[in-house]
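Written out below as structure tokens is the structure these notes cover.
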Amino acid sequence: MNPGRKREKRSKGGLAIAKSRFVLGVTIPLLLYESLGVFVLGWAFILMFFNYSSGRLGGPILGLGGSNPFVGLGNFIEMVKGTSVEAGLFRISLKNTLIFAFAILPLNLVITLPLAYLLESIGERFKAFYRTIYFLPVLTSSVGVALIWMSMYDPQAGWINAIIRFFGGTPVAWLSDPRAGFMGVSVAMWAVILAYLWQDYGYNMVIFIAALQAIPQELKDAAMIDGATPWQVFTKITLSLIRPTMLFVCVMTMLSSFQVFDIIQVMTNGDPGNQTQVLMLDIYKNAFRYQRLGWAAAESFVLFLIVMGVTLIQMRLLRTDWEY
Amino acid sequence: MATRTFPEATYIRKVKPRRGSVLTSRIFSYVLLTLGLLFTLLPFLMMIASSFKTNVEVLRVPPTFLPETPTLDNYRTIFNDPKLPLLRFYLNSAFVAVFNVTSTLFTSSLIGYMFAKFQFPGKRILFGWFLTLMMIPSHITMIPSYLILSKLGLINSLWGLVIFSAVDAFGIFMIRQFCETLPNELLDAARIDGASEWQIFIRIVLPQLSAPLATLGILGFMGNWNAYLWPMIVLQKIEVRTLPIILTWYNSTHTGQGALVMAATVLIMVPILLVFVNFQRWIVKGFTTTGFK
Chain A
142 MNPGRKREKR
152 SKGGLAIAKS
162 RFVLGVTIPL
172 LLYESLGVFV
182 LGWAFILMFF
192 NYSSGRLGGP
202 ILGLGGSNPF
212 VGLGNFIEMV
222 KGTSVEAGLF
232 RISLKNTLIF
242 AFAILPLNLV
252 ITLPLAYLLE
262 SIGERFKAFY
272 RTIYFLPVLT
282 SSVGVALIWM
292 SMYDPQAGWI
302 NAIIRFFGGT
312 PVAWLSDPRA
322 GFMGVSVAMW
332 AVILAYLWQD
342 YGYNMVIFIA
352 ALQAIPQELK
362 DAAMIDGATP
372 WQVFTKITLS
382 LIRPTMLFVC
392 VMTMLSSFQV
402 FDIIQVMTNG
412 DPGNQTQVLM
422 LDIYKNAFRY
432 QRLGWAAAES
442 FVLFLIVMGV
452 TLIQMRLLRT
462 DWEY
Chain B
11 MATRTFPEAT
21 YIRKVKPRRG
31 SVLTSRIFSY
41 VLLTLGLLFT
51 LLPFLMMIAS
61 SFKTNVEVLR
71 VPPTFLPETP
81 TLDNYRTIFN
91 DPKLPLLRFY
101 LNSAFVAVFN
111 VTSTLFTSSL
121 IGYMFAKFQF
131 PGKRILFGWF
141 LTLMMIPSHI
151 TMIPSYLILS
161 KLGLINSLWG
171 LVIFSAVDAF
181 GIFMIRQFCE
191 TLPNELLDAA
201 RIDGASEWQI
211 FIRIVLPQLS
221 APLATLGILG
231 FMGNWNAYLW
241 PMIVLQKIEV
251 RTLPIILTWY
261 NSTHTGQGAL
271 VMAATVLIMV
281 PILLVFVNFQ
291 RWIVKGFTTT
301 GFK
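So the protein lines, in turn, are chains A and B.
Residue numbers 142 to 465, in our numbering, belong to the letters of the first sequence in order.
Residue numbers 11 to 303, in our numbering, belong to the letters of the second sequence in order.
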């Protein structure tokens, strides 16, 4: 017998025990904590099949049943063809959320991509300065952003109307006039869209800048030598090489604009006449103001499905199967 | 033209117009970028200027840009307002942000390290479970979380903002990626020297993780500091509120006093904004490498 070998064997066993102790020491609390997460998720899933209000006592298990009756798919059927006030409001909120998200995405891309491209082309010293300023709103709390823009939109003393008056136009009550609209969308909606864009474009800009920096200069040079114009280089080389980033930016922008809440809640709270009522706001009001938690849970699930669907569609459309 | 006969001259002739166009496109770039810069900056400047105006001047049509008679009255009013103990609200926000960041950094590094460097049965399933939880948006879990907090009596308590935030799947994911690059020899050398697994984690792994932890920490701090919806649901009493909810409350109780509200916005937003600007490099790095917002 070789004593050295024996010792090694024993120490290896000890090591394995020490390792598995460590793993157990970490995973057991983790599993317990994550079961809480799964419990919460399961509860959210069950709630949407009930007419649940936290104001009522309900049945013995989690307050479900009894005065909080099971309604099956009732909440979802009501959403599609119900005549109740909340069903109507849900459909308005859904429409507004879609308008908001589908306005934000193209406007954001039209601003951020060219600006990022221009920013990438200028000198290093200015680049950092410009980028810092463009990034400021991203760092700002959205409540602050909302308050700043509310004072900009003030019908009397606000700067937006001051500019309009300067050019001889008629001032608009941006956040409160229910009749004013532009391109079929109310001005209040445009007003919150602009404020949201202002806060958000710096984020996509830095993402685009990082992607543009990663494109090898040789590819662009080669195209130039072959006689491509700068525009062709941009559309044929740059745009196609940043396609994965485009996908990422589109998905992230859509995800966050479908779930917009802060800015709209502070600026309009859904007014005037529910023209800026978006789904998150409707969910919040139903759950925490009107105590219709089952209904709100069902709405959350619909929002989740929409967000998932839009993400999957975008991933299909912008999929690439190459790398460089 | 005589120049046509010389190849060098042809070369010069070709380059010259290009140089001109480079210059015009440069100027064009700077003009556009500066316009965007002004659009980004002017609302901030307007906020700061308004905070030094009187509540009468702020209502004037057309608006003045710079205050005519700059005054500190708004700031004085806020500091002397017994209903607005700013320091307390700052401490509330700081408590939530620091507690959440510390706990998530600890759990992320520990769990991420475990997923990267240890083999155990069920590891893939556990990790897959994590990725799934990561994709569930918070509005889905918001309602049952609220019900749990109210059952536990944690509504109106800052602890209510803390208990559901101890584990952050994204942090775990990021640390796991990073830990996979750590050489196994380093860990084994420590094991041979007789270090226990916890010692290895604390003495050897944690110091290596400073860069990703800094990124995660700053992003997490910013997210917590600016959070609005969930704190608003949990903190309904005024004295326990965090800064963003206090700001909206102050706005709704001081309608028609635009200058005062702008001063409050400056006081609540600007100090931390300056901190974030200083950490900007890390934040940008975090955004571009993780896409976490």
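From the three backbone atoms N, C-alpha and C, an ideal C-beta is built for every residue, glycine too.
For B/Glu67, there is no enclosing alpha helix (DSSP H), as DSSP gives it neither H nor E. As computed with DSSP, A/Gly206 is found in a beta bridge with A/Asn209. In terms of CA proximity to A/Leu444, A/Leu239 leads the group A/Thr273, A/Leu239, A/Gly215, A/Leu203. At a cut-off of 8 angstroms between C-beta atoms, B/Ser39 counts as an interface residue with respect to chain A. Going by beta carbons, B/Phe109 and B/Val172 fall inside the 8 angstroms limit. Proximity of the stretch 254 to 265 of chain A to the stretch 230 to 248 of chain B falls short of the contact definition, fewer than three beta-carbon pairs being nearer than 8 angstroms. For A/Gly178, the closest of B/Thr151, B/Ala104, B/Thr74 by C-alpha to C-alpha distance is B/Thr151. Of all C-beta pairs linking the stretch 276 to 289 of chain A to the stretch 301 to 316 of chain A, fewer than three are shorter than 8 angstroms, placing the two stretches out of contact. Within the model, the alpha-carbon separation for B/Val271 versus A/Ala314 is close to 20 angstroms. With contact defined as three or more Cβ pairs closer than 8 angstroms, the stretch 313 to 333 of chain A and the stretch 373 to 384 of chain A are not in contact.
Under the three-pair Cβ rule at 8 angstroms, the stretch 265 to 284 of chain A counts as touching the stretch 37 to 49 of chain B. In the three-state scheme derived from DSSP, where H, G and I count as helix and E and B as strand, A/Gly322 is classed as strand. Nearest to A/Leu420 by C-alpha distance, out of A/Pro413, A/Gln432, A/Ala438, is A/Ala438. Near chain A, meaning a CB-to-CB distance below 9 angstroms, the residues of the stretch 46 to 61 of chain B are Gly46, Leu47, Phe49, Thr50, Leu51, Leu52, Pro53, Phe54, Met56, Met57, Ser60. In the structure shown, A/Ser327 falls within a strand segment according to DSSP collapsed to helix, strand and coil. Residue contact with chain A for B/Thr258: present (Cβ-Cβ distance below 8 angstroms to some residue of chain A).
Of all residues in the stretch 140 to 157 of chain B, only Phe140, Leu143, Met145, Ile146, Pro147, Ser148, His149, Ile150, Thr151, Met152, Ile153, Pro154, Ser155, Tyr156, Leu157 place a beta-carbon less than 9 angstroms from a beta-carbon of chain A. With respect to the 8 angstroms criterion, B/Glu207 and A/Ala157 are not classified as neighbours on the basis of their beta carbons.
Residue environment for A/Leu173: exposed (fewer than 16 other C-beta atoms within 10 angstroms of its C-beta). The shortest C-alpha to C-alpha distance from B/Ala179 to any of B/Phe289, B/Asn288, B/Gly122 is the one to B/Gly122. By the C-beta criterion, the stretch 180 to 196 of chain A is judged to be in contact with the stretch 423 to 441 of chain A, since at least 3 inter-stretch pairs fall below 8 angstroms. Under the DSSP assignment, B/Val287 falls in the alpha helix (DSSP H) whose first and last residues are 268 to 288.
When C-alpha distances from B/Ser118 are compared across B/Leu76, B/Thr112, B/Ile153, B/Ile182, the shortest belongs to B/Ile182.
DSSP, reduced to helix, strand and coil, places A/Phe191 within a strand of the structure shown.
At least one C-beta of chain B is nearer than 8 angstroms to the C-beta of A/Thr273.
Residue state for A/Val419 is assigned as coil, using DSSP reduced to three classes. Counting only unbroken stretches of 4 or more residues, the alpha helix (DSSP H) elements lying wholly within the stretch 264 to 303 of chain A are 265 to 280, 283 to 293, in sequence order. Look at B/Phe62 here: in three-state DSSP terms it is coil, with no helix or strand label. Rounded to the nearest whole angstrom, the C-alpha separation of A/Gly450 and B/Ser60 is 44 angstroms. At least 8 angstroms separates the CB of B/Val111 from every CB of chain A. DSSP, reduced to helix, strand and coil, places B/Leu192 outside both helices and strands of the structure shown, so it counts as coil. Not a single C-beta of chain A is nearer than 8 angstroms to the C-beta of B/Gly266.
Close partners of B/Phe297 in chain A (Cβ separation under 9 angstroms): Val279, Tyr344, Val347, Ile348, Ala351. Taking a 10 Å sphere around the C-beta of A/Glu227, we find 16 or more other C-beta atoms and assign the residue as buried. A contact between stretches requires three or more CB pairs, one per stretch, nearer than 8 angstroms, and the stretch 89 to 109 of chain B meets this requirement with the stretch 243 to 256 of chain B. The beta carbon of A/Trp184 sits closer than 8 angstroms to some beta carbon of chain B.
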